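Colleague: I have a structure here, written as structure tokens, and I will follow up with some questions on it.
Numbering (this note's numbering), first residue to last: 9 to 154.
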């Protein structure tokens with residue numbers, strides 16, 4: 009848009025400035041309107057901004073608390089792992105104790121078996137001695153009868 013100079017040489021800018029000045033004079037600032045605008049601004053801008061700030065802070069807190077949870081899970085895992093190994097150790101001890109009992113049982117059975125063999129051998133020897141004694145007594149009686 010090409011503007012031609014007006015008679016006073018201002019390219020029409022002065023006229024626009026006068027119109028703008030004239031309209032601003034017509035518009036007087038009402039204190040009630042500015043208070044109303046302030047209240048509207050407060051409800052439409054400041055309260056949502058505060059709510060948004062609260063949500064951002066709350067979200068950051070939740071994020072931070074979620075990042076601590078894997079640590080707790082790891083601690084639970086470590087505790088479960090420790091409980092598992094303690095259970096394994098107790099089981100191993102019980103198994104060893106049972107094997108020891110069995111070994112002792114077999115050992116005692118073996119010993120009882122040896123004792124029985126020794127008793128049988130002793131009884132056989134005693135019977136042989138008794139038989140030999142009886143035979144000797146029988147021989148003595150026969151000699152005595154003659």
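Positions of the beta carbon are idealized from the N, C-alpha and C atoms, including for glycine.
Quick caveat, the model's predicted, so the values are computed rather than measured.
Between the C-alpha atoms of residue 149 and residue 115, what's the straight-line distance to the nearest angstrom?
Modeller: Roughly 50 Å separates the two Cα atoms.
Colleague: Looking at the structure shown, is residue 154 part of a helix, part of a strand, or coil, going by DSSP?
Modeller: Residue state, collapsed to three classes: coil.
Colleague: Please return the same chain residues whose Cβ sits closer than 6 Å to the Cβ of residue 9, not counting the five positions on each side in sequence.
Modeller: Note that residue 9 scores a pLDDT of 47, beneath 50, so its modelled location is shaky and nothing firm can be said.
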